[in-house]
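Written out below as structure tokens is the structure these notes cover.
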Amino acid sequence: MRILLCGGAGYIGAHAYVVLVERGHEVIVADNFSNSSPGVLGRLQQITGQPVPFQPLDLRDREAVSGFFGRQHFDAVVHFAALKSVGESCERPLDYFHNNIGGTLNLLHGMQQTGVRRLVFSSSATVYGDPASVPVREDARLQVTNPYGRTKLVMEELIGDLCLSDPDFHAVNLRYFNPAGAHASGLIGEDPGGVPNNLMPYICQVAVGRRERLSVFGGDWPTLDGTGVRDYIHVMDLARAHADALDFVARERRNLTVNLGTGHGISVLQLVKAFADAAARDIPYQVVARRPGDVAEVYADPSLAHRMLGWRAELGVEAMCRDAWRWQSLNPQGYPAA
Ligand code: NAD
Ligand code: UFG
């Protein structure tokens, strides 16, 4: 298939690019680099041995999106492009609504105009909020606790309505749990701008000496060791699921919403220990107050993804820590300037 990756220069998009090219697809990356670096494109070329077709594009610009679709033919779109910081979304909700929801509407409009009727969408476990029980199944109650989560829920709903209105439009919503790790080459990985919000990139920056110590948010959660429990999923496993989802829409011509996780929760302190073992160095940390909005324990029931896509996670926490560390130690300051 000829596939457009919107937001394909970002962390998950770049890894998906590699898998899709390996599976023989023709893949075009579009991005506005609002949260990524042009340096990723050279690295993708190094991994795949081919130049990376790239289109600068801001999804907020409806005319530009529409013009771009008018000049190109695509068989499918994978839509990663979004702002993703929970804290920032609470400070600037309108920017999140404009970028994530507005950008998605422009994208769907461009697709509809040109008859592109296959979509794979990056959703998130954030749509479950604080789940009543774990593991979380797709039919669990949806409840969002911040504007970022709201955008994911609204986008799932908009896409669902579009599928209802056009029986030939098919979408797969992939609800990612906690992506971590990097491509085994160490050439691409997670490169957050500023202070990392998420646990794994923060640990990586402590390990490489960019930050003094990790703050562990809360030691009094009702979990095995008092720290928060999450379902960390290797980004290469996640990447593979996008290829499987594209095969699914092409083959089954149906819509689907699935969890992508391992089905196993691990605590902050368990992840710190696994990383320290993989990197063979201490990760200094201190336990501080809980982070507002956090929840104790979230992990997936990933069995639907297995049944429908034939997908399951293959890589464990050791591989996630080893690969994240390889990326960070080879690229202590992230991507080079392009
Ligand atoms: P990322 O920020 O690394 O990648 C997103 C990419 O989209 C970036 O390259 C950014 O420049 C681009 N982008 C943003 N707004 C754009 C716009 N208006 N026009 C064009 N490009 C735009 O994030 P990621 O971790 O790769 O996440 C990818 C997707 O997965 C996002 O939709 C995110 O919400 C979702 N997700 C991420 C996580 C996570 O923890 N990483 C968890 C669940 C869901
Ligand atoms: N944590 C720390 N210290 C840090 C960062 C995180 O102790 O510096 C803890 C958190 O309290 C939590 C766990 O590590 O217990 C994971 O936190 P992350 O911020 O890495 O991930 P979250 O589960 O809070 O949220 C992330 C995304 C959400 C998304 C969710 C599920 O930020 O947008 O994964 O996909 F919804």
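Taking numbering that gives the first Met the number 0, the leading residue of the sequence shown gets 0, the next gets one more, and so forth.
Note that beta-carbon positions come from the ideal geometry of N, C-alpha and C, so glycine has one too.
Bear in mind that the values here come from a model prediction, so they are computed numbers and not experimental data.
Item: Contact the region 276–285 vs the region 317–336: 3+ CB pairs below 8 Å; Value: yes
Item: Inter-residue CB distance, A299 and A240 (contact presumed, cutoff 8 Å); Value: Between A240 and A299 the Cβ distance is about 12 Å, and since that is not below 8 Å, they are no contact.
Item: Cβ pair R229, E313 closer than 9 Å; Value: no
Item: Y341 Cβ short of 8 Å to the ligand UFG heavy atom set; Value: Residue 341 falls outside the range modelled here, since the chain spans only 0 to 337, and no answer is possible.
Item: Cβ shell of E287 (< 6 Å), same chain only, five flanking positions each side left out; Value: It should be noted that the sequence gives Val, not Glu, for residue 287. For V287, where only same-chain residues beyond five positions count, the Cβ hits under 6 Å are S214.
Item: Distance between I282 and L270 (C-alpha atoms, nearest Å); Value: 11 Å
Item: Residues bridged to L118 (per DSSP); Value: V76 and A170
Item: Reduced DSSP category for D30 - H, G, I as helix; E, B as strand; rest coil; Value: strand
Item: Per-residue DSSP class, three states only, for Q327; Value: helix
Item: Collapsed DSSP secondary structure at L259 in the structure displayed; Value: strand
Item: H241, enclosing alpha helix (DSSP H) - first and last residue; Value: V234 to E251
Item: Contact test: R140 Cβ vs the ligand UFG heavy atom, cutoff 8 Å; Value: no
Item: Spatially closest choice to Q285 from M235, N34 and G218, by CA coordinates; Value: G218
Item: Among R290, G192 and D246, nearest to P335 - alpha-carbon criterion; Value: G192
Item: Environment of Q327 [buried if 16+ CB atoms lie within 10 Å]; Value: buried
Item: Bridge partners - L3, DSSP secondary structure assignment; Value: I27 and V76
Item: Own chain, CB closer than 8 Å to V207, minus 5 neighbours either side, in chain order; Value: Q327, S328 and P331
Item: Stretch pair the region 69–85 + the region 126–134: three plus CB contacts closer than 8 Å; Value: no
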